[in-house]
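Visitor:
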Amino acid sequence: MKRTFRGVTYLIAGLAVGIFQGCGSKSSTTTYPTSTSTYYTHSAAFKAYSTPFGTYSTHNLFAWGNNAFGQLGIDSTSTATSPAAVATPSRFAGFSIGSNHTLAFVPFRNTSSVWAWGYNGYGQLGNGTSGSSNSSSIPRGISGLPNVTAVAAGGYHSLAIANNGSLYSWGSNSNGQLGINKGGDASLPQPVWDLIAGAAPFGNVARIAAGGLHSIALKTDGTVWTWGSNNNGQLGLGDTSDRIAPVQVTNLPPGRVKLIAAGGAFSVAVTGDDRVYVWGYNGFGQLGQNPTPAAPAAAVPFSSNPQLVTISGFSGTIKAVAAGLDHILIMNNQGTIWAWGYNGNGQFGNGVTADINYTPTLIGTFDSTLQIDGLSPILAIGHHSLAFQGRHLKAWGDNGSGQLGNGSSTNSSTPVAVTGF
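For the sequence shown, counting from 1, position 10 maps to 10 in UniProt numbering; every step adds exactly one.
(1) Just checking my contact of ILE378 with ILE337 at CB under 8 Å: how many whole Å lie between their CB atoms?
(2) Buried or exposed: where does SER385 fall if 16 or more other Cβ atoms within 10 Å of its Cβ makes it buried?
(3) Buried or exposed, going by whether 16 or more other CB atoms sit within 10 Å of the CB of GLN334?
(4) Helix, strand or coil, according to DSSP, for SER133 in the structure here?
(5) Just checking, does the stretch 311–327 make contact with the stretch 353–367 on the three C-beta pairs under 8 Å criterion?
(6) Excluding five sequence neighbours on each side, which residues of the same chain lie with their C-beta closer than 6 Å to the C-beta of GLY22?
(7) Buried or exposed: which applies to ARG391, given that a residue is buried once 16 or more other Cβ atoms fall within 10 Å of its Cβ?
(8) Do you know how far the Cα of ARG207 is from the Cα of MET1?
(9) Can you tell me where the beta strand (DSSP E) with TYR122 in it begins and where it stops?
(10) Could you check the C-alpha separation between TYR56 and ASN164 for me, to the nearest Å?
(11) Could you tell me the alpha carbon to alpha carbon distance between VAL418 and GLY121, rounded to whole angstroms?
(12) Going by C-alpha to C-alpha distance, which of PHE388, PRO415, THR36 sits closest to ASN399?
(13) Hey, could you find the ends of the beta strand (DSSP E) ILE244 is sitting in?
(14) Which same chain residues, not among the five before or five after SER96, have their C-beta less than 6 Å away from its C-beta?
(15) Buried or exposed: ASN406, going by 16 or more other Cβ atoms within 10 Å of its Cβ?
(16) What residue from LEU72, GLY233, ALA339 has the CA that sits closest to PHE302's CA?
(17) Applying the 10 Å Cβ sphere with the 16-neighbour rule, what's the burial state of PHE348?
(18) I want to see whether chain C comes within less than 9 Å of TRP193, judged by CB atoms only; does it?
(19) Where PHE421 and THR250 are concerned, what is the direct C-alpha to C-alpha distance, given to the nearest angstrom?
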């Protein structure tokens, strides 16, 4: 199985077999595929409803798209091209979508606060088991975690912030992405290691992001820390050496960072003065730099140092940032979205498809107040994107597994309405 998350090549190869992965039933003896072939090809959202007094989330979670390993959580392994209700055991407050698994959390409970479902090849469901046969098509609680305030699902690993600011991880640790200062996968939650404080848990974490094979944390003091795979400089540390515990990204400019995101093999940070910095893989222009300029010697295939992205016409403040496998979205406080990076499947939503777009493109205006996952008004998942517009959820980009949720499997380079939203 190819375990790289660096571009579109593996996804195209995977779509050919992905159409055969949608078969399944609600039987307790469900047989899951033995290996993965498509990544980040499912979606989820909280459904909201309007009243004369405003719009409120019902905290009902719906999911759609590829479901070979039960990553939709609908007690089935059948692909769903329209939203289906997750077999929710509780009123979730937030969720995160990984390559083939999903995480959700319920804050401040005495029982399980984090639930996971989908592919479990490396223990990313956190229930003490691993292997494809131990995947789950329904949410299962994770024991051993305190109350949680945020979760992040990566390629084959999972992260969670405890309400005291400490960080936990589990799943694949092939490149140190668990940050536990040692090798080996973990099928149960482990405290992320603080090298500076010795054996003390890594703490004061405000936000987290999980990439294909790396992880990012934003501390309450505005500093950014990274660990895991670094073959494309996605850790931002000035080199390409992997790290097995968090290391501070010290070559960001002075000023507090307020937002972070992790793509397949790149990372994003937004500073308090609304500057966007990106580092890591640049094969599709994710860094806002031309990866294939006229002079071959000046090519920018990746950068291990943060690069400032110039966003023409930007105004206001940046409210949200999202990173897919190879594209980036930002939204300002008025709801205007800009996008750059890979657009081969139409994931910009501007009616155009093109492989390389290193210049941020203004896409349009969407709703900035409605949250899709309990935290953000925009999501970039794999090679597709989600945002609310006119109080209705819209999706655009790759739809080979029905991840746009409009009842079809046809890609769309313009926003289409998600059925029932």
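Even glycine gets a Cβ: it sits at the ideal position worked out from N, Cα and C.
Guide: So, to answer that:
(1) In the sequence shown, the residue the question calls residue 378 occupies position 378. In the sequence shown, the residue the question calls residue 337 occupies position 337. Contact flag correct, Cβ pair sits at about 7 Å.
(2) Within the sequence shown, numbered from 1, the residue matching residue 385 stands at position 385. Buried: at least 16 other Cβ atoms inside 10 Å.
(3) The residue given as residue 334 occupies position 334 in the sequence shown. In the assembly as shown, GLN334 is an exposed residue. Its beta-carbon has fewer than 16 other beta-carbons within 10 Å.
(4) Position 133 of the sequence shown, counted from the start, is the residue given in the question as residue 133. In the three-state scheme derived from DSSP, where H, G and I count as helix and E and B as strand, SER133 is classed as helix.
(5) Taking 8 Å as the limit for Cβ pairs, the verdict is that the stretch 353–367 does touch the stretch 311–327.
(6) Taking the first residue of the sequence shown as position 1, residue 22 is located at position 22. Only weak support is given to the placement of GLY22: the predicted model assigns it a pLDDT of 30, under 50, and the value that follows is read from those uncertain coordinates. SER78, THR79.
(7) If you number the sequence shown from 1, residue 391 lands on position 391. Exposed is the call here.
(8) Within the sequence shown, numbered from 1, the residue matching residue 1 stands at position 1. Within the sequence shown, numbered from 1, the residue matching residue 207 stands at position 207. Here MET1 scores only 40 on pLDDT, less than 50, and its place in the model should not be relied on; the value that follows carries that caveat. Each residue's Cα considered, the two are about 31 Å apart.
(9) Working through the sequence shown from its first residue, we reach residue 122 at position 122. TYR122: not part of any beta strand (DSSP E); DSSP gives it neither H nor E.
(10) Taking the first residue of the sequence shown as 1, we reach residue 56 at position 56. Taking the first residue of the sequence shown as 1, we reach residue 164 at position 164. Bear in mind that the predicted position of TYR56 carries a pLDDT of just 49, short of 50, making it too unreliable to give a figure here.
(11) What you label residue 418 is simply residue 418 of the sequence shown in a count that begins at 1. What you label residue 121 is simply residue 121 of the sequence shown in a count that begins at 1. C-alpha of VAL418 to C-alpha of GLY121: approximately 30 Å in a straight line.
(12) Translated into positions along the sequence shown, residue 399 becomes position 399. Taking only the C-alpha atoms, the option nearest ASN399 is PRO415.
(13) What you label residue 244 is simply residue 244 of the sequence shown in a count that begins at 1. From DSSP, the beta strand (DSSP E) with ILE244 extends over 243–248.
(14) Reading the sequence shown from its first residue, position 96 is the one you call residue 96. Excluding residues within five positions, the ones whose Cβ falls inside 6 Å are LEU103, VAL151, ALA152, ALA153.
(15) Numbered from its first residue, the sequence shown carries residue 406 at position 406. Classification of ASN406: buried, given that the 10 Å Cβ count is 16 or more.
(16) The sequence position of residue 302 within the sequence shown is 302, counting from 1. Comparing Cα-Cα distances from PHE302 to each of LEU72, GLY233, ALA339, the minimum goes to GLY233.
(17) Along the sequence shown, read from residue 1 onward, the residue named residue 348 stands at position 348. Per the 10 Å Cβ criterion, buried.
(18) As a matter of chain content, chain C is missing from the structure shown, which is built from one protein chain.
(19) Mapped onto the sequence shown, residue 421 falls at position 421. Mapped onto the sequence shown, residue 250 falls at position 250. Our two residues, PHE421 and THR250, have alpha carbons roughly 42 Å apart in a direct line.
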